[in-house]
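I have placed the structure first, in the form of structure tokens, so that the comments after it can refer back to it.
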Amino acid sequence: MPRLRYALLSAVVLGGVAVLAITHPEQTRAFSNNLKSLAPFPVALAFLLILAQVSAQALRLWAIIPRDTPLRVIQAGYTFAVGDCTNIFVPVRGGDALKILLMSRTAHNRGLTLPRATGALLADKVVDIGTFVLLSAMAGLIGVLVTATPVTLPGPRMLIGASVALGLVLVLVRVGWPRLSGPVRNKLRTVGEGLSGLRDPGRCAASVSFSLAARVLEVLALRALCAAIGIPVSIPRIFLAHVIVNVGISVPVSVANLGVYEAALAYGFTRAGVALPVAVTIATTHHVLELLGISLSAAGYTVANQLWPAG
322 MPRLRYALLS AVVLGGVAVL AITHPEQTRA FSNNLKSLAP FPVALAFLLI
372 LAQVSAQALR LWAIIPRDTP LRVIQAGYTF AVGDCTNIFV PVRGGDALKI
422 LLMSRTAHNR GLTLPRATGA LLADKVVDIG TFVLLSAMAG LIGVLVTATP
472 VTLPGPRMLI GASVALGLVL VLVRVGWPRL SGPVRNKLRT VGEGLSGLRD
522 PGRCAASVSF SLAARVLEVL ALRALCAAIG IPVSIPRIFL AHVIVNVGIS
572 VPVSVANLGV YEAALAYGFT RAGVALPVAV TIATTHHVLE LLGISLSAAG
622 YTVANQLWPA G
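For the sequence shown, the numbering used here begins at 322 and goes up steadily by one.
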């Protein structure tokens, strides 16, 4: 049933894109002309940056896995790239479940069981989201410094609401933990062991560094595409578009986020003053390069993992 719903939503989104293309011939023609005018060298540079981004994301996962159950870099790359490639086509983040399975199978002889692998993947998500929030704050600060716009601090109600929500979570955990059955508590403890990389200063710092590198590489790839079409866009404005597209595709709606990705990223660039046909060209090109980069990385890491299996 979820797959049918996913397919129907994908058909609706793609149908909407087709209708817009037919009903707006001038913008469709401008989009086609923009694609033809893309300079090849910056596009190739953007693709190389995307390949480096995928590897940096794989290294982020490799670094945060608990010290007593390490994976080789090739194994971590294989796990991450194949899982992310699966996420493109499988609804409800099925690729994340595959990452857990691949990690546990790859390192089962060293104690990386399914619960511990689940914890390791959660730790990877914590690092990813944490660095995303950090860079968002930094980009906002840069924008404030550049434009001299006064900062709007969160209101008292927002702060009180966040404090109450955090307090309720802590109370629920405190009250609910003793009521859980023994086997459930043991599994949760094992998941917690998989999160131990977050308490390891060295591994956590390395993972955060790779995560920051991945974000920066993606922004630089977008900037290269801006150069390919001949428009100057500042890094803070590109990062704003990066934030918007990541929020927009956080809930998968269509296969490979087709249509949704382009709409969100193009909207982000229009907020930076880029004309809509140009913004759509950048967004479409970047999405195609992202899909190619993830697929090529998955194939490359799969071959490398077969050629150099764990000894």
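Heads up, the beta-carbon is just placed ideally off N, CA and C, and yes, glycines get one too.
Hey, out of Pro557, Val581, Asn408, Trp383, whose CA is closest to valine 537's CA?
-> Pro557
Determine the direct distance from the alpha carbon of leucine 533 to that of phenylalanine 453, and round the result to whole angstroms.
-> 8 Å
Cutoff 6 Å; reference alanine 587; Cβ partners in own chain excluding five residues on either side = Ala600, Val601, Ala604
Hey, could you find the ends of the alpha helix (DSSP H) serine 532 is sitting in?
-> 522-550
Determine the contact status of phenylalanine 531 and alanine 377, defining contact as a CB-CB distance below 7 Å.
-> yes
With a Cβ-Cβ cutoff of 7 Å, do leucine 516 and alanine 438 count as a contact?
-> no
Sub-7 Å separation of leucine 610 and alanine 360 beta-carbons = no
Counting pairs of Cβ atoms below 8 Å between the region 615-632 and the region 389-403, do you hit three or more?
-> yes
Look at alanine 535 and glutamine 374 and say whether their C-beta atoms are less than 7 Å apart.
-> yes
Enclosing alpha helix (DSSP H) for asparagine 578 [first to last residue] | Segment: none, asparagine 578 is in no alpha helix (DSSP H) and carries neither H nor E.
Are the Cβ atoms of arginine 381 and serine 528 separated by less than 7 Å?
-> yes
Please work out which residues of its chain come closer than 6 Å, Cβ to Cβ, to serine 618, disregarding the five sequence neighbours upstream and downstream, and give them in chain order.
-> Val375, Ala402
Sorted by chain position, which residues of the same chain lie with C-beta nearer than 7 Å to alanine 545's C-beta, five sequence neighbours on each side aside?
-> Pro363, Leu366, Ala367, Leu370
Would you grab the beta carbon distance between isoleucine 570 and valine 581 for me? Rounded to a whole angstrom, and I think it's under 8 Å.
-> 6 Å
Along the alpha helix (DSSP H) that carries glycine 404, what are the first and last residues, could you check?
-> 394-410
At which residues does the alpha helix (DSSP H) containing isoleucine 570 begin and terminate?
-> Premise fails: isoleucine 570 is in no alpha helix (DSSP H) and is neither H nor E.
Can you tell me whether DSSP reads leucine 359 as helix, strand or coil?
-> coil
Assign glycine 398 to one of two classes, buried (16 or more other C-beta atoms within 10 Å of its C-beta) or exposed (fewer than that).
-> buried
From the DSSP output, in three-state form, read off isoleucine 615 for me.
-> helix
Compare the C-beta of aspartate 389 with all C-beta atoms of chain D and state if any pair is closer than 7 Å.
-> The chain labelled as chain D is not found in the depicted structure, where only one protein chain is given.
Output yes or no for whether 7 Å exceeds the beta carbon distance between threonine 407 and leucine 419.
-> yes
Are proline 436 and valine 540 touching if we call contact CB-CB under 7 Å?
-> no
Just checking my contact of leucine 442 with aspartate 417 at CB under 8 Å: how many whole Å lie between their CB atoms?
-> 6 Å
Quick one: what does DSSP say serine 555 is sitting in, helix, strand or coil?
-> coil
When Gly415, Asn578, Ala526 are compared against glycine 451, the one with the closest alpha-carbon | Ala526
Just curious, the alpha helix (DSSP H) that glycine 594 is in, first and last residue?
-> Premise fails: glycine 594 is in no alpha helix (DSSP H) and is neither H nor E.
Residue from Phe410, His607, Glu514 with nearest C-alpha to threonine 434 = Glu514
By Cβ distance below 6 Å, which residues in the same chain neighbour valine 394 in space, the five residues on each side in sequence not counted?
-> Trp383
Under the three-state DSSP convention, the category tryptophan 498 falls into | Bear in mind that a pLDDT of 48 at tryptophan 498, under 50, signals an unreliable position, so the model cannot answer this.
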